[in-house]
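Everything below concerns the one structure shown next.
Residue numbers (my numbering), protein chains in the order written: chain W, 1 to 317; chain U, 1001 to 1258.
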């Protein structure tokens, strides 16, 4: 504990104060610290200047606080759906009630067959995204490194991002026939520009003082990228990844509906089959499945993003 | 003043600036930032560069740091290593406090254990031993500047260049950091070139205060500050000399009125 009376609770800095006051042998050369003049002033000022950490409350309460708006949103949607069903707007075999749909969904997620489909779709999604990240990163690094490339390709990349990915399928099918390659082509061309853009803007906006610090330290060539440019562009790169994932997921879903690879049973193919059989509850169930997968993965990216921001002190909290 | 044979060549001059001019741009847009500036800094000396806006004091530091090229004249630091500190600590947020201090050591090729040990020693010097594993944003502004100082010391530089390093800090923190910097400068036998626009700060810290004119930057006067150390920024001697220098500085600023 601090030997001085601490006016407030310094949860995060207590260890620091102990070290500064000489209660512990730190990494310093001698365990026994001699009190030098001015020492108390310095550590006293440090203690005063640090903002005390706020108690965030118990974890259950925090989860509830972030969860209830979402639960309320779901409730509103289900109620509206039920109301539309009860109004007799469409016959019940075309527009099922929420309860009937959830029953179908419940049956669906307990079949091994369904999980095989999800596995196939996720394998494609992850493979496509990984390739898009690799290609986007290489292009982004090359573009930001060489000025002529930058002028030529920079605007092209931004242009590509405006292209609805579904427009690539006719060309992809002509080039690669109805197969995995056609789907991968569109997934990559949809996601790679976002990844590249994230990296490029990250590299562009490395603060000037950091660059000067690196220069004074004598960083050059590879070391400069390794220790300065790449870590500094990380937040922007992560946003690029997140956006790239959103694009690749949309492209993949479009691809699975359009490009039916014979013998595969992906989520998209199953949804198309359900439509062919006029099985609305099943179609809605697949919509919900795709929605949930999308939200879960988006949340993972958000988690990574906020962890990074917290680590860097960009949150202000 | 001791004469150290650091390079064995001729003198104890650590930084030798002769007739250095610096022009930005060219043609009719050319801006003369520094005009034939000459300055010799001796080993172990604490020299403050003082001037109003546009006097090119930061430019001069950039030139000494090798971040920029001189337009004419000669500038010689004799292969000595320089470290530079800015008004912002400019610590890297992806590294811990210790990681930031270790980075220059890492670039020098030191092993992990050795780096950690040396960084610990340097954090001890700036009195931040207990904060090695914190993130920069968890520290106060004054503490961050001390980490930046430790990082500069880790560069093993002979010459420490400081560009208004305490400009963004409150008076109390700045006061204490003056004492700290003075102590470290003596303990580590550093040569310091310190840029500021705060006259009292310059007199508080410097062995010499070099007053620069503005647009273009020229050396107006070289004041030797002889008051015994440790000094206080509010002592009558410091205040008296600061008043004298302030008068010169005001006259220089008034010259630019239309």
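Just so you know, even glycine gets a beta-carbon here, dropped at the ideal spot from N, CA and C.
query                                                                                                                               : result
Spatial neighbours of residue 214 of chain W in its chain, beta-carbon cut-off 7 Å, leaving aside the 5 residues before and after   : 224 and 228
Coil, strand or helix - residue 146 of chain W by DSSP                                                                              : coil
Where the alpha helix (DSSP H) containing residue 49 of chain W begins and where it ends                                            : 39-49
Classification of residue 1311 of chain U by the beta-carbon crowding that lies within 10 angstroms, buried from 16 upward          : This structure gives no information on residue 1311 of chain U, because the portion of chain U shown stretches from 1001 to 1258.
Length of the line joining the Cα atoms of residue 1221 of chain U and residue 234 of chain W                                       : 48 Å
7 Å Cβ shell around residue 1137 of chain U - same chain, five flanking residues per side excluded                                  : 1093
Contacts of residue 311 of chain W in chain U (Cβ-Cβ under 8 Å)                                                                     : 1093, 1094 and 1135
Positions along the segment 204-219 of chain W whose CB lies within less than 8 Å of some CB in chain U                             : 207, 209, 210, 212, 213, 215, 216, 217, 218 and 219
Contact list for residue 42 of chain W against chain U, beta-carbon separation under 7 Å                                            : 1127, 1176 and 1180
Span of the beta strand (DSSP E), counted from its first residue to its last, around residue 1019 of chain U                        : 1013-1024
CB of residue 133 of chain W within 9 Å of CB of residue 195 of chain W, strictly                                                   : yes
Where residue 1040 of chain U sits in the DSSP three-state scheme                                                                   : strand
Delimiting residues of the alpha helix (DSSP H) encompassing residue 109 of chain W                                                 : Looking at the DSSP string, residue 109 of chain W is not in any alpha helix (DSSP H), and its letter there is neither H nor E.
Cβ contact (3+ pairs, closer than 8 Å) linking the segment 1018-1030 of chain U and the segment 1044-1054 of chain U                : no
CB contact below 9 Å: residue 170 of chain W versus chain U                                                                         : no
Counterpart residues of residue 1208 of chain U in DSSP-defined beta bridges                                                        : U:1047 and U:1224
Unbroken alpha helix (DSSP H) run spanning residue 305 of chain W, endpoints                                                        : 280-312
Length of the line joining the Cα atoms of residue 313 of chain W and residue 64 of chain W                                         : 25 Å
Nonlocal neighbours in the same chain, by C-beta distance under 8 Å from residue 158 of chain W, ignoring five residues either side : 193 and 197
Option nearest residue 1060 of chain U by Cα separation, candidates U:1089, U:1043, U:1019 and U:1091                               : U:1019
Start and end residues, alpha helix (DSSP H) containing residue 260 of chain W                                                      : Careful: residue 260 of chain W lies outside any alpha helix (DSSP H) and carries neither H nor E.
Validate contact between the segment 93-104 of chain W and the segment 138-158 of chain W using beta carbons, cut 8 Å, 3 pairs      : no
Residue 42 of chain W to residue 1177 of chain U span [Cα, whole Å]                                                                 : 8 Å
Where residue 76 of chain W sits in the DSSP three-state scheme                                                                     : helix
Pick from W:45, W:166 and W:287 that is closest to residue 267 of chain W, judged by C-alpha positions                              : W:287
Integer-rounded CB distance, given that residue 1039 of chain U should sit under 8 Å from residue 1219 of chain U                   : 7 Å
Buried versus exposed call for residue 175 of chain W [16 or more other C-beta atoms within 10 Å across all chains shown]           : exposed
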